[in-house]
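These notes concern the structure reproduced below.
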Amino acid sequence: MRRGEDLREHTEGERGTVEVVGGCWRTVEVAGGCRRTVKVAGGCRRTTKLAKGKIKDCISLFSIPGNARSDRHVGHPVRSLNTWLPFYLVDSLEGLSPKTISSLGGLNQMLGLPDYAFAAVARDSMQSLPEYNSTNKIGASFQTRCGRFLIKPVDYVEMISCMRPNVWATLADEVPAWVPEKRNKTSVDRTVRWLDECIVLSSAGGAILGSIVGGSDVEERERCAQEVARRSVSGYLIGGFGLGESIEERPALLNAVTDMLQEEKPRFVCGLGLPEEVLQGVAAGIDLFDSEYIYHLTLGGIALTFPPSGVEINASEFQPSYIGIEQTKINLRATIYRKDTSPIFENCGCYTCQNHTRAYINHLLNVHEMLAHILLEIHNTHHYLSFFKSIREAIEAGEFDKFRHRFIESRCESDDHPAVAVAACV
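With the numbering used here, letter number 152 in the sequence shown gets 359, and the count goes up by one each step, no holes.
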């Protein structure tokens with residue numbers, strides 16, 4: 208009976224993914240196959256308040272305690288709910304129209320998820336990259352599976368009003384790190400102007416996250432952060448990361464932004480998912496991250512196996528294979544796992560590792576069975592959350608810097624992304 212109950216906990220809300228015991232952010236598929244990350248993490252000493260309710264112990268996937276040294280308050284009324292789903296507005300262009308969604312009562316009613324709250328962000332940080340050369344003063348351009356769309360601030364706010372999210376980020380002109388200085392400056396000017404337009408046009412309620420851009424220019428990042436901090440917003444969406452900047456220069460860019468922002472308001476960054484990148488963000492004072500990293504690992508049949516606590520594991524436990532394994536993650540499609548009856552990760556407490564083997568998941572992947580990705584994402588989500596739990600515990604003990612360096616050293620010794628790991632120590 209207990210086994211059946213566990214399965215229900217993990218796959219309820221399915222259409223792709225997962226519920227993880229303990230109430231943390233996790234990925235599910237809703238509306239047209241779009242991925243969403245869900246809430247709420249537990250265990251950080253900091254409490255992030257959202258008006259009438261509060262998200263306690265923020266730190267995992269979409270919810271992580273960057274600074275974790277002070278309370279962050281969101282100024283506008285938001286319902287206190289146990290689960291939060293980030294919703295990418297660009298994805299909705301491929302499905303039902305905003306007016307249709309509005310006529311059905313908004314996202315909550317249309318999807319039959321009354322106990323969930325929605326955080327609306329313009330784009331998926333990995334699958335919908337900004338079209339910087341097509342964006343103009345009128346609106347932002349996005350490439351989707353159904354073609355390119357130009358979204359004006361007025362259209363964007365109308366979509367928000369129809370979908371009725373609880374938290375939403377303003378429209379931004381995001382650009383890659385390598386654009387010319389003039390184009391980068393223009394993106395900051397547009398983002399600030401669109402922020403003002405969104406605030407004026409907004410009548411939908413909900414907490415507003417002011418978008419911050421600036422590419423790889425520290426001065427432009429500071430300028431944009433200063434302008435956004437002057438506005439009446441409930442938090443900040445720090446955009447433009449994961450678009451070509453080097454991991455060596457990222458700490459300076461993150462600090463340039465967070466140093467200008469009010470301590471009591473939450474900071475959310477998209478596009479950073481590697482453990483080293485997460486640690487950089489946490490060190491810089493970032494509170495919220497998306498979970499696209501583990502979703503894309505799952506699509507590729509990859510399972511996380513790095514030690515969440517950063518403690519070095521015995522390399523002799525792994526069989527050498529150039530295509531199937533490393534010390535931090537393994538490719539379960541590889542033939543080396545066809546007869547491997549061990550769990551994905553020893554001593555892992557997730558439903559998948561407790562009940563299934565590498566061989567079984569290898570079989571499911573190779574016959575294209577949907578259950579493969581469900582089980583694999585259960586593990587990856589649980590493993591990722593265990594990593595965040597370790598961060599939480601390190602912060603509570605006042606040993607985050609020690610934990611960070613120990614974790615990075617362990618990654619360097621594994622020869623998996625050594626350059627990234629070394630740079631993350633900066």
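No residue lacks a Cβ here, since even glycine has one placed at the ideal position from N, Cα and C. Just so you know, these numbers come straight off a predicted model, no measurement behind them.
At least 8 Å separates the beta-carbon of Cys-431 from that of Val-440.
Setting aside the 5 residues that flank it on each side, Glu-434 is surrounded in the same chain by Val-399, each with a C-beta closer than 6 Å to its C-beta; the list follows chain order. Proximity of the segment 311 to 328 to the segment 356 to 376 meets the contact definition, three or more beta-carbon pairs being nearer than 8 Å. By the C-beta density criterion, Arg-428 is buried, having at least 16 other C-beta atoms within 10 angstroms. The beta carbons of Leu-572 and Gly-508 sit closer together than 8 Å. Look at the beta carbons and you see the segment 344 to 351 not touching the segment 306 to 320: under three pairs across the two are nearer than 8 Å. With respect to the 8 Å criterion, Cys-557 and Ser-332 are not classified as neighbours on the basis of their beta carbons. Buried is the label assigned to Thr-512, since at least 16 other Cβ atoms lie within 10 Å of its Cβ. Exclusion of the five residues before and after His-580 leaves Thr-505 as the residues of its chain whose Cβ lies within less than 6 Å of its Cβ.
Here DSSP, grouped into helix, strand and coil, assigns Ser-418 to strand.
The C-alpha of Gly-449 lies about 18 Å from the C-alpha of Arg-390. Excluding five sequence positions before and after Tyr-544, the CB atoms of its chain that fall closer than 7 Å to its own CB belong to Gly-531, Arg-565, Ala-566 and Asn-569, given in chain order. Counting only runs of 3+ residues, the beta strand (DSSP E) found wholly inside the segment 484 to 515 occupies 509 to 511, in chain order. Cβ-Cβ distances below 7 Å link Val-464 to Ile-419, Arg-428, Ala-432 and Ile-445 in the same chain, with the five nearest sequence neighbours on each side left out; the list follows chain order. Taken atom to atom, the span from the alpha-carbon of Val-485 to that of Asp-494 is near 10 Å. The straight-line gap separating the alpha-carbon atoms of Glu-616 and Pro-550 is approximately 26 Å. Residue Thr-377 holds the alpha-carbon nearest to the alpha-carbon of Glu-404 among Lys-536, Met-317, Thr-377 and Phe-595.
In terms of Cα proximity to Ser-597, the closest of Leu-402, Phe-614 and Pro-473 is Phe-614. Excluding its 5 nearest sequence neighbours in each direction, Met-317 has C-beta neighbours in its own chain below 6 Å: Ile-308 and Leu-311, listed in chain order. The closest CA to that of Tyr-591, considering only Leu-402, Glu-603 and Ala-510, is found on Ala-510. In this structure, the beta-carbon distance from Glu-452 to Ala-384 falls below 8 Å. Residue pairing by DSSP leaves Asn-573 without any beta bridge partner. In this structure, Thr-351 places its C-beta atom within 8 Å of the C-beta atom of Ser-335. Looking at the backbone, the Cα of Phe-610 and that of Ala-490 are separated by about 11 Å. With contacts defined by Cβ atoms closer than 8 Å, Arg-438 and Thr-535 do not form a contacting pair.
Annotation: Thr-377 is outside any alpha helix (DSSP H) and is labelled neither H nor E by DSSP. Beta-bridge partners assigned by DSSP to Tyr-443: Gly-417 and Arg-474.
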